[in-house]
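Protein sequence lines, in the order shown, are assigned to chains A and B. The first sequence begins at 0 in numbering that gives the first Met the number 0 and counts up by one. The second sequence begins at 0 in numbering that gives the first Met the number 0 and counts up by one. Here a beta-carbon is modelled for each residue, glycine too, at the ideal position from N, C-alpha and C. All values reported here derive from a predicted model rather than from experimental measurement.
Protein chains: 2
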Amino acid sequence: MIPGAPNAPAQERGRLRRATLLGAAVELLTEGGFAAVTHRAVAQRAGLPLAATTYYFASRDQLLAEAFAQLVEAELATTRDWIADHGLTGLPDLIAAADRTRQLGLWELYVHAGRDPVLRQIARRWTDGCVHLVAQALRLPDGDPRVRLLYTALSTLWLELIVEQRPPAETRELLAHAVENASRP
Amino acid sequence: MIPGAPNAPAQERGRLRRATLLGAAVELLTEGGFAAVTHRAVAQRAGLPLAATTYYFASRDQLLAEAFAQLVEAELATTRDWIADHGLTGLPDLIAAADRTRQLGLWELYVHAGRDPVLRQIARRWTDGCVHLVAQALRLPDGDPRVRLLYTALSTLWLELIVEQRPPAETRELLAHAVENASRP
DNA sequence: GCTAAACTGGTACGGCTGTACCACTTTTGG
DNA sequence: CCAAAAGTGGTACAGCCGTACCAGTTTAGC
């Protein structure tokens, strides 16, 4: 039987190989953006033959989508832990400490999601997850306008820090303002 | 003499050709993102031979950068006019009315600027320009935190509208909140 | 009018891309 | 034990890419 790129390989070794490939794709994505995620590069990074990528993933788009999803989940977990330890106003330090090219890869795929319905779902999951983290930190419901507005400040300042490399001090100051705003009734 | 991709061609026809190529690049950028801006596609769109692109532009990166800059200036002008006519709270309607793929192209290049110093300068120009427009509308100085925070709301809501295609009603409501916040002392 | 510079456009090269193909080996289930 | 399914890996194909090259033509300056 010719398998149609099994999402869950039947054999143990297959599952391992698939996971290795996905991990390699995530690595390449964080290093060089989604342009760097090619079948050949992924296979080489994983130490597997080229054909392995086409065997376990139906297409490059699917590989990219799964890598994006995995990256988003990892990012949300990291952010959750950081907020628990340092609070919302400590977030600029997280961004400063985080791998810049990794963030770039994430945002690249986020924007690319505007052209791909499959990625769009993952993009929404990212936004919703971040909003939820802010809501928890403020002890307010997810839908509260103060939560949403604070999130917009976080999001834009974050992106500016990554892309334009603005001075972190300015970001910290503005974020403090935003948190103060959100804490008012 | 072998010219090094003249930025300002000496002959009238050359200037016209260069402008035509740049216009074609902008078109393709707005239609299919920066992946669509290839030498061949630009030349074909402009109705010129392939070699014309390499003659007037030193590299694809330069062509892309100039197209980005042109797009940013056009976008700033459009936004300025719209704010003058409809005010800040009318902006969601501008976004809704604007060409969605055009905005996607802009944001794609904005994020890509994180990997390219030349583009980064243009990205900063875009941000600064938008902040300035908000400052003018609020009659506050550019550096005022209220201006910067309102801009963050605009920016994120805009991006979410474009990428995630969230319902415009929600955007309008949040934007009204943000404007109210910014108008408080 | 004539030389040099500016421009034109056809063609070619080397490289990378996604993906298909297929003979082969290993594992699984009855 | 043995057929069928699952997995393996080397290779090939067709297409697009940026860019270089160059013989020819047009224009500008003296």
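#1: In angstroms, rounded to a whole number, what distance separates the CA positions of A/Arg183 and A/Ala7?
#2: Give me, in chain order, the residues of the same chain whose beta-carbon lies closer than 7 Å to that of B/Pro140; leave out the 5 immediate sequence neighbours on both sides.
#3: Does the segment 162-169 of chain A come close enough to the segment 10-21 of chain B that 3 or more CB-CB pairs lie under 8 Å?
#4: State the DSSP-derived secondary structure class of A/Asn6, mapped to helix, strand or coil.
#5: Which residues, taken in chain order from the segment 106-133 of chain A, show a beta carbon closer than 7 Å to some beta carbon of chain B?
#6: State yes or no: is the beta carbon of B/Ala181 nearer than 7 Å to at least one beta carbon in chain A?
#7: Below 7 Å on C-beta distance, what does B/Glu163 contact in chain A?
#8: Going by DSSP in three states, A/Arg59 sits in which element: helix, strand or coil?
#9: Once DSSP output is grouped into helix, strand and coil, what is the label at B/Glu163?
#10: Answer yes if the segment 88-96 of chain B comes into contact with the segment 49-56 of chain B, meaning at least three C-beta pairs across the two stretches below 8 Å, and no otherwise.
#11: Is there at least one Cβ from chain B nearer than 7 Å to A/Pro167's Cβ?
#12: So what's A/Ala24 in DSSP terms, helix, strand or just coil?
#13: Which bits of chain B does A/Thr29 rub up against, with CB to CB less than 8 Å?
#14: Just to confirm, are B/Gly128 and B/Leu87 a CB contact at a threshold of 7 Å?
#15: With 16 other CB atoms within 10 Å as the buried threshold, where does A/Ser58 fall?
#16: Any beta carbon of chain A sitting closer than 7 Å to that of B/Thr52?
#17: For B/Leu173, is the classification buried or exposed, using 16 other Cβ atoms within 10 angstroms of its Cβ as the cut-off for buried?
#18: Is the Cβ of A/His85 closer than 7 Å to any Cβ of chain B?
#19: Using three-state DSSP, classify B/Ala97 as helix, strand or coil.
#20: What's the call for A/Arg145, buried or exposed, on a 16-neighbour Cβ count within 10 Å?
#21: What does A/Glu11 reach in chain B if we use C-beta pairs closer than 9 Å?
#22: Measuring straight from C-alpha to C-alpha, what distance separates B/Glu65 and B/Ile121?
#23: Just checking my contact of A/Val162 with A/Arg124 at CB under 8 Å: how many whole Å lie between their CB atoms?
#24: If you follow the alpha helix (DSSP H) that A/Val36 is part of, which residue opens it and which one closes it?
#25: Please tell me whether B/Leu27 and B/Val36 are closer than 7 Å, where the distance is taken between their beta carbons.
#26: Using DSSP with H/G/I as helix, E/B as strand and the rest coil, what is B/Gly13?
#27: Leaving out the 5 sequence neighbours to the left and right, which residues in its chain are closer than 6 Å to B/Ala23 when beta-carbon positions are compared?
#28: Does DSSP put A/Gly128 in a helix, a strand or coil?
#29: Which term fits B/Ala83, buried or exposed, when burial requires 16 or more other beta carbons within 10 angstroms of its beta carbon?
#30: Exposed or buried, B/Thr155, counting other C-beta atoms within 10 Å across all chains shown (16 or more means buried)?
#31: Closest to B/Leu62 by C-alpha separation, out of B/Leu90, B/Arg99, B/Leu108, would be which residue?
#32: What residues of chain B sit near A/Arg147, judged by a beta carbon separation below 7 Å?
#33: Does A/Ser58 come within less than 7 Å of chain B when only Cβ atoms are used?
#34: Grab me the residues of B/Trp81's own chain with a C-beta within less than 6 Å of its C-beta, minus the 5 sequence neighbours each way, in chain order.
#35: In angstroms with no decimal places, state the Cα-to-Cα distance between B/Arg99 and A/Gln10.
#36: Can you give me the Cβ contacts of B/Val178 inside the same chain, cut-off strictly under 7 Å, excluding the 5 residues immediately before and after it?
Result, derived from the coordinates:
#1: Sequence index remark: in the first sequence, residue 183 of chain A carries index 184 (1-based). Sequence index remark: in the first sequence, residue 7 of chain A carries index 8 (1-based). The straight-line gap from Cα to Cα measures roughly 49 Å.
#2: What you label residue 140 of chain B is simply residue 141 of the second sequence in a count that begins at 1. Excluding sequence neighbours, B/Pro140 sits near Ala134.
#3: no
#4: Within the first sequence, numbered from 1, the residue matching residue 6 of chain A stands at position 7. The answer is coil: DSSP assigns A/Asn6 none of H, G, I, E or B.
#5: Trp106, Glu107, Tyr109, Val110, Ala112, Gly113, Arg114, Arg119, Ala122, Arg123, Thr126
#6: Sequence index remark: in the second sequence, residue 181 of chain B carries index 182 (1-based). For B/Ala181, the answer is no, since every Cβ of chain A falls outside 7 Å of its Cβ.
#7: To locate residue 163 of chain B, count along the second sequence from 1; it is residue 164. What B/Glu163 touches in chain A: Arg119, Ala122, Arg123, Thr126.
#8: On the first sequence, position 60 is the one that residue 59 of chain A refers to. In the structure shown, A/Arg59 sits in a helix (DSSP, three-state: H, G or I).
#9: As a first step, residue 163 of chain B is located in the second sequence; it is residue number 164 there, counting from the start. DSSP places B/Glu163 in coil when its eight states are reduced to three.
#10: no
#11: In the first sequence, the residue the question calls residue 167 of chain A occupies position 168. It does not; no Cβ of chain B falls within 7 Å.
#12: By one-based count along the first sequence, residue 24 of chain A stands at place 25. Helix, per DSSP.
#13: The sequence position of residue 29 of chain A within the first sequence is 30, counting from 1. The contacting residues do not exist; A/Thr29 stays about 13 Å from chain B at best.
#14: The sequence position of residue 128 of chain B within the second sequence is 129, counting from 1. The sequence position of residue 87 of chain B within the second sequence is 88, counting from 1. Contact: no.
#15: Stepping through the first sequence from its first residue, residue 58 of chain A is reached at position 59. A/Ser58 comes out exposed.
#16: By 1-based counting over the second sequence, the position of residue 52 of chain B is 53. No, its Cβ sits nowhere closer than 7 Å to a Cβ of chain A.
#17: Here the question's residue 173 of chain B lines up with position 174 in the second sequence. Buried: at least 16 other Cβ atoms inside 10 Å.
#18: Stepping through the first sequence from its first residue, residue 85 of chain A is reached at position 86. No, A/His85 lies away from the interface with chain B (no Cβ there is under 7 Å from its Cβ).
#19: Position 98 of the second sequence, counted from the start, is the residue given in the question as residue 97 of chain B. Residue state, collapsed to three classes: coil.
#20: Indexing the first sequence from 1 puts residue 145 of chain A at position 146. Buried, by the Cβ-count rule.
#21: Here residue 11 of chain A refers to the residue found at position 12 of the first sequence. Those do not exist, as A/Glu11 stays about 38 Å from chain B at its closest Cβ, beyond 9 Å.
#22: On the second sequence, position 66 is the one that residue 65 of chain B refers to. On the second sequence, position 122 is the one that residue 121 of chain B refers to. Roughly 9 Å separates the two Cα atoms.
#23: Position 163 of the first sequence, counted from the first residue, corresponds to residue 162 of chain A. Position 125 of the first sequence, counted from the first residue, corresponds to residue 124 of chain A. A/Val162 to A/Arg124, Cβ: 22 Å. No contact.
#24: In the first sequence, counting from the first residue as 1, residue 36 of chain A sits at position 37. Premise fails: A/Val36 is in no alpha helix (DSSP H) and is neither H nor E.
#25: Here residue 27 of chain B corresponds to residue number 28 of the second sequence, with the count starting at 1. Here residue 36 of chain B corresponds to residue number 37 of the second sequence, with the count starting at 1. Going by C-beta atoms, B/Leu27 is nearer than 7 Å to B/Val36.
#26: Residue 13 of chain B sits at position 14 when you count from the first residue of the second sequence. If DSSP states are grouped into helix, strand and coil, B/Gly13 belongs with the helices.
#27: In the second sequence, the residue the question calls residue 23 of chain B occupies position 24. These residues qualify, in order along the chain: Val41, Arg44, Ala45.
#28: In the first sequence, the residue the question calls residue 128 of chain A occupies position 129. Three-state DSSP puts A/Gly128 in a helix.
#29: By 1-based counting over the second sequence, the position of residue 83 of chain B is 84. Label assigned to B/Ala83: exposed.
#30: Looking up residue 155 of chain B in the second sequence gives position 156. By the 10 Å Cβ count, B/Thr155 comes out buried.
#31: Along the second sequence, read from residue 1 onward, the residue named residue 62 of chain B stands at position 63. Among B/Leu90, B/Arg99, B/Leu108, the Cα nearest to that of B/Leu62 belongs to B/Leu108.
#32: Residue numbering aside, residue 147 of chain A sits at position 148 when the first sequence is read from its first letter. Near A/Arg147 (Cβ distances below 7 Å), the residues of chain B are Leu173.
#33: Locating residue 58 of chain A in the first sequence gives position 59, where the first residue counts as 1. So no, A/Ser58 is outside the interface.
#34: Your numbering for residue 81 of chain B matches position 82 in the second sequence. Correct list, in chain order: Leu93.
#35: In the second sequence, the residue the question calls residue 99 of chain B occupies position 100. In the first sequence, the residue the question calls residue 10 of chain A occupies position 11. Rounded to the nearest angstrom, the two C-alpha atoms are 45 Å apart.
#36: On the second sequence, residue 178 of chain B is found 179 positions in, with the first residue counted as 1. The answer, listed in chain order, is Leu87, Thr88, Leu149.
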